[in-house]
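So the sequences go chain by chain: A and B. Under this note's numbering, the first residue of the first sequence carries the number 2, and numbering increases by one thereafter. Under this note's numbering, the first residue of the second sequence carries the number 213, and numbering increases by one thereafter. Okay, structure first, notes after.
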Amino acid sequence: MPALRFMLNGEWRSEERASPTMSVLDYLRTVARLTGTKEGCAEGDCGACTIAVACPDKDQHAYQAVNSCLMMVGQLDGLSVMTVEGLARGDGGLHPVQQALVDTDATQCGFCTPGFVMSMFAFHQAGERITETAVHEALAGNLCRCTGYRPIIEACRRLAGLPPFVQPLAKEDAERLAVSPDEPVGFTAPRSLGALASALAARPQAWLLGGGTDLGLLVSKERQSPTDVISTARVPELKNIAVTADALELGGAVTYSAALPHLDDLFPAFGALVRRIGSRQIRNLGTIAGNLATASPIGDTLPCLIALEARVVLRRTTGARHMSVEDFITGYRKTALAPGEFIETICIPRLAGRQRFFAYKLSKRFDQDISAVIAAFRIAISGGKVASLRAVYGGVAPTPARAKALEMVLTGHPWNSEALAAIDAALARDLSPIGDHRASASYRLDAAANLVRRLHADSSGDEPSVRLEAL
Amino acid sequence: MNTAPLARTRRGAHAAVSHDSAMGHVTGRAIYLDDMAVPPNTLHAALVLSGHAHARIRRIDLTRARRAPGVVAAVTAADIPGKNDIAPILTGEPALAEEVVEYVGHPVAAIAAETMDQARAAAALVEIDYEVLPAVLTVDEALEKGHLVAPEQKMVRGDVDAALKRAPRRMSGELRCGGQDHFYLEGQIALALPGEDRSMQVYSSTQHPTEVQHGVAHLLGLPFSAVTVDVRRMGGAFGGKESQATIIAGIAALLAWHAHRPVKLRLARDHDMEVTGKRHGFLFRYDVGYDENGRILALDMVLAANAGNIADLSPPVVTRALCHADNCYFIPDIRLRGLACKTNTVSNTAFRGFGGPQGMFAIEAIVDILARRLKLPLETVRRRNYYGIDRDNVTPYGMTVEDNIIHRVVDELESSVDLPRWRRDIDDFNRTSAVVKKGLATVPVKFGISFNLPTLNQAGALVHVYTDGSVLLNHGGTEMGQGLFIKVAQVVAEAFHIDVSQVRVSATSTGKVPNTSATAASSGSDLNGMAALHAAEQIKARMAEVAAARYEVPAAEIIFKDGRVFAGNDSMSFGELAHACWRQRVSLSAAGFYRTPKIHWDAKTCTGRPFFYFTYGAAAAEVAIDTLTGELRVLRAELLQDCGRSLNPAIDLGQIEGAFVQGMGWLTMEELWWDDKGRLRTHGPSTYKIPGSRDVPPIFNARILADSPNREATIFRSKAVGEPPLMLALSVWLAIRDAIASIADHRIVPELDAPATPERILAAVNQLRRAAS
Ligand code: FES
Ligand code: FES
């Protein structure tokens, strides 16, 4: 009998009846009757539904926080899943994370609490160093309307020095999880590049699922029930990350979280920006290829990839082709992907010579907010002049926009304050922002120009400007 | 019999006891309404909403929806057996739209089906034929057209026109503050179970079970006694579940009535934000007269609230705005006009502060502007205007401020933070930083406690002592996370001098304590604490009689102490005495009741003593803005809040911090944005941004004012705490103004409304730069 198999709070679950495309949140609350996990929004933005998952073929203690509202049950196959109900110790005592929240009076209405517990659990389990920044990064995906967070932050601090605590999986359980049983109907997770290509070729209309942070919304919010989903998550080749002499190569199923250390290394501004995409829960699920493939005008990685002259390798059964990310995006939410084709690799060339990379994001809230404006610049300065510049904006046109007029007025000219006089007019030609709930058109235009001024301060050799984040 | 030894220190009133559900919260075992096991035949409901801001309903066709899989009931206003009116104050406010829809999101029909997905799918099949009508979408337009949901309220003292003319200086202007979504993490939800004999049991996530009871009874044409409403806890409410919960529960009950089966209605977040009301945005037009010293001599101000499409609670929200437009200041001649403007948007409602924050926003902005014009420190100007102790101490509504401690509170705050030095640090920073600018500001707060309408200031409680000495407490207040249950339990523990762990609080139910007021206006522990004390005192007196007879001493000599009952050296445990009472056939159960003394209010003249007392607070905040982008960070906040003799400092501290951050959200990043069709485009957390952990100032100190018992005889001399600290967040907004003003060396008054989003901040920066050049 085809079935999904996973561990739930340390116990085997074999699901034959539950639909593999049901949201994990609904599954937990209505099928498993574990109601500790809450729905606050069903759109991946409040964190009340946070659970933790670990992949036993890796370090089985490495639990990652994820939004259960954005996941389909099929994605749990082969994972060890932890919910708030599974945390208390064997003797019935509280998990240190739970105890810390009680001790700091960090619960009021308590509705957000299970989600915070699970984010903090994964944070603690990972043994990260507990700094202010690390705490906010771990909590950015969890909203609390009651406490004002101060006691929750305090509870995180109290975890410092406490050893991670979770019952390890028994060896035979871990081994059993790693073996794939028959796949359930309607949810396929191919185990090789070839198998993925064939599956997609046979069923080009199927949903191609990366992390599900976009498609998952259709299930949890729009209440669609897809009948055919093909997941990229189990294709080993797509998980590859290669750092070569000239590029960073990211497989098509590499999550933001997995890419982050490498981005931090090679393109720190890109890394810093990715830290502001969604929340940690989202970044643990979502893939960079997924961000590309949705081709949203506000996809945060797109301007960066275009500014960096990144290329993609697209594959289908008949072979592979290469193209620039700039060409890959063909219109508003449109890409060059042919039926049956998928993103195999994203190649980001290393910075060469004097090139430097800067990326800025503007939104109402620092964390987990969709950009009003995003700007990415690859600039090289030589002898006080702009030797080369690629400037790309998001949020100011139906697709990520190369600011070619801007590039033209600046390239070859001295990089001084006189140069800045021309930028407003140039950008007015390059960008066609609209006004909406995120910002008015005029704010977008003003801010887009001011980000060039910030770029100037940051790159012109004098002291970089003070940034709010540094205060 | 309970002979277990007490915890070493007995925990009663004033102890920093954790929330009674803390363990349940962290383990996920605390049960919210959607977590309850429901009968297997329960149906799930979905709403059909108007897509138009204003339209006449020509025809509703439910045929296709009724035929959809799983559908058991589909209803419109025509299916209401009783009266289609759930107005909390006035009348004529339907649960389902009749004839016209008046906002995008107005519920028109509802479906109950076997599953939630079936209900939602069927809802999409309901066909409605509309005749679209012109819509009024803004306060400005409503004002111009004179569209109001209730008559104007006027609060007048003295001769404003003459005083304005006489004043050496005068200025006028316009200000705006936005509304705010409650964003309680648990969305609106209700479960209705039809009972025997034309009765209805309703579980509702509501702050006002009695109003839900009335609403359901009206809709179904039942006597109140046939409807029972229970609520154990809410996942947050903040005023959003005061009147709004009635809509949800009412529709669930209507569906259950027709389906003869239990019905659960849980709104998805988008629907929750589209259908239910929010904090009122306000437009203020002021004309103020003052002198060179910054003394305010006269104020003429219109406070125009965006009420939305119906009155709901807007009239009292406006009243409270009028009652707080003085904040801490004596304004000799004053005329305040409060208007609840009718627009074709969702009907706004109660939200923590209930108009108070908006009124205070206006006067604090005005004081800031005039201080900047006079180039005087804001703190100096405020001091010149504070209510006096023996003179200049009567509010515009005629209430004498008898308990004024604002001078003390402000002094304590200012000296504890070394304000002059802090100011110097900010100025030093700004001198060397070209792009990022810092700002600093303080704010004083005086907030009146009691419902403005005297009738509402009453409460009931029920206390049972069992023969093992355990105590069951029930009262009319609801638990939404604010810690009311633990506080009232502490009161009862204090009365019997037992540990609070011996007191269990049960779910609020209209079947146990009837005719309750909403748990609102910060009054929960004041009212219910007193009612519970009254109940406990009755039982205690009877128990003392029994003990007195047993030990052969006068009852007056019986002492309850630390879980035991003493007569001289003789003693027995509280449980033993309870058992003895039972044997002697003495009742161990009592109902308590309380009504707040001293208060009265004349709504026609807007005068009286609406508040039993005031609570006070002060805050200082430091912010930094990026003048290229308008981005903001709040760097430091120092809060000092008067809680009287706090009933529970741990709980009160949580209220102070939480309210402050919520207020900060209202004034900075939380922006409600409607498009030109009247559609709310910020209807979920992906588009409507409430503060996250990083937005909390890295230096954040909240303190409770020490040694400050309430001078009025409130419950153990404590003070209410739910709402007042929200207004401390005005310091953040004022600090942003200060940061902007620093660009032109504080020579020019910045123009900034709320919320101070990056966009508004950048616009204010640019405007000020233009003015400076
Ligand atoms: S329910 Fe809000 S993030 Fe999942
Ligand atoms: S405790 Fe209520 S939302 Fe966090």
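Cβ atoms here follow ideal geometry from the backbone N, Cα and C, with glycine treated the same way.
Could you tell me the alpha carbon to alpha carbon distance between residue i and residue j, rounded to whole angstroms?
{"i": "leucine 286 of chain A", "j": "serine 559 of chain B", "result": "39 Å"}
{"i": "tyrosine 678 of chain B", "j": "histidine 791 of chain B", "result": "8 Å"}
{"i": "leucine 194 of chain A", "j": "valine 313 of chain A", "result": "16 Å"}
{"i": "threonine 531 of chain B", "j": "proline 909 of chain B", "result": "33 Å"}
{"i": "proline 363 of chain B", "j": "cysteine 553 of chain B", "result": "10 Å"}
{"i": "arginine 754 of chain B", "j": "serine 799 of chain B", "result": "8 Å"}
{"i": "isoleucine 307 of chain A", "j": "serine 325 of chain A", "result": "8 Å"}
{"i": "threonine 215 of chain B", "j": "methionine 881 of chain B", "result": "Caution is warranted here: a pLDDT of 41 is assigned to threonine 215 of chain B, below 50, making its placement in the model unreliable, and no coordinate value can be reported."}
{"i": "cysteine 793 of chain B", "j": "leucine 684 of chain B", "result": "17 Å"}
{"i": "methionine 213 of chain B", "j": "serine 262 of chain B", "result": "Because methionine 213 of chain B sits at a pLDDT of 38, beneath the cut-off of 50, its placement in the model cannot be relied upon, and the following sentence gives the value as read from the coordinates. Roughly 60 Å separates the two Cα atoms."}
{"i": "leucine 432 of chain A", "j": "alanine 426 of chain A", "result": "10 Å"}
{"i": "glycine 272 of chain A", "j": "proline 262 of chain A", "result": "8 Å"}
{"i": "proline 217 of chain B", "j": "glutamine 702 of chain B", "result": "At proline 217 of chain B the pLDDT is 44, less than 50, meaning the model places this residue with poor confidence and gives no usable figure here."}
{"i": "alanine 107 of chain A", "j": "alanine 43 of chain A", "result": "24 Å"}
{"i": "valine 313 of chain B", "j": "lysine 889 of chain B", "result": "14 Å"}
{"i": "histidine 323 of chain A", "j": "phenylalanine 343 of chain A", "result": "12 Å"}
{"i": "serine 721 of chain B", "j": "cysteine 147 of chain A", "result": "24 Å"}
{"i": "histidine 619 of chain B", "j": "alanine 761 of chain B", "result": "53 Å"}
{"i": "serine 735 of chain B", "j": "phenylalanine 542 of chain B", "result": "26 Å"}
{"i": "glutamate 423 of chain B", "j": "aspartate 46 of chain A", "result": "32 Å"}
{"i": "valine 393 of chain A", "j": "aspartate 247 of chain A", "result": "22 Å"}
Would the C-beta of residue i count as close to ligand 1, meaning under 8 Å from any of its heavy atoms?
{"i": "serine 221 of chain A", "result": "yes"}
I need the boundaries of the beta strand (DSSP E) containing residue i, first residue and last residue.
{"i": "serine 389 of chain A", "result": "386 to 395"}
{"i": "phenylalanine 542 of chain B", "result": "Looking at the DSSP string, phenylalanine 542 of chain B is not in any beta strand (DSSP E), and its letter there is neither H nor E."}
{"i": "threonine 275 of chain B", "result": "From DSSP, threonine 275 of chain B is part of no beta strand (DSSP E) but of the alpha helix (DSSP H) over 275 to 279."}
What are the boundary residues of the alpha helix (DSSP H) that residue i is part of?
{"i": "lysine 773 of chain B", "result": "No alpha helix (DSSP H) holds lysine 773 of chain B; the beta strand (DSSP E) holding it covers 770 to 773."}
{"i": "leucine 879 of chain B", "result": "861 to 879"}
{"i": "histidine 125 of chain A", "result": "114 to 126"}
{"i": "cysteine 793 of chain B", "result": "786 to 795"}
{"i": "methionine 8 of chain A", "result": "Segment 5 to 9 is the beta strand (DSSP E) holding methionine 8 of chain A; no alpha helix (DSSP H) there."}
{"i": "cysteine 474 of chain A", "result": "Residue 474 of chain A cannot be examined here, being either before or after the span of chain A that is shown, 2 to 472."}
{"i": "proline 970 of chain B", "result": "970 to 984"}
Helix, strand or coil for residue i per DSSP?
{"i": "alanine 315 of chain B", "result": "Note that residue 315 of chain B is tyrosine in the sequence shown, not alanine. DSSP places tyrosine 315 of chain B in coil when its eight states are reduced to three."}
{"i": "valine 283 of chain B", "result": "strand"}
{"i": "serine 627 of chain B", "result": "helix"}
{"i": "aspartate 431 of chain A", "result": "helix"}
{"i": "threonine 592 of chain B", "result": "helix"}
{"i": "glutamine 419 of chain B", "result": "coil"}
{"i": "serine 297 of chain A", "result": "coil"}
Closer than 8 Å to a non-hydrogen atom of ligand 2 - does that hold for the CB of residue i?
{"i": "arginine 906 of chain B", "result": "no"}
{"i": "leucine 216 of chain A", "result": "no"}
{"i": "leucine 397 of chain B", "result": "yes"}
{"i": "arginine 18 of chain A", "result": "no"}
{"i": "threonine 731 of chain B", "result": "no"}
{"i": "glutamine 99 of chain A", "result": "no"}
{"i": "threonine 557 of chain B", "result": "no"}
{"i": "threonine 114 of chain A", "result": "yes"}
{"i": "glutamine 419 of chain B", "result": "no"}
{"i": "leucine 403 of chain B", "result": "no"}
{"i": "arginine 146 of chain A", "result": "yes"}
{"i": "threonine 108 of chain A", "result": "yes"}
{"i": "glycine 37 of chain A", "result": "no"}
{"i": "alanine 693 of chain B", "result": "The sequence shown places glycine at residue 693 of chain B, rather than the alanine named in the question. Because some heavy atom of ligand 2 lies under 8 Å away, the Cβ of glycine 693 of chain B counts as near it: yes."}
Quick one, what's near ligand 1 if you take every residue whose CB is closer than 6 Å to any heavy atom, in chain order? This criterion selects A:Glu40, A:Gly41, A:Cys42, A:Ala43, A:Gly45, A:Asp46, A:Cys47, A:Gly48, A:Ala49, A:Cys50, A:Asn68, A:Cys70.
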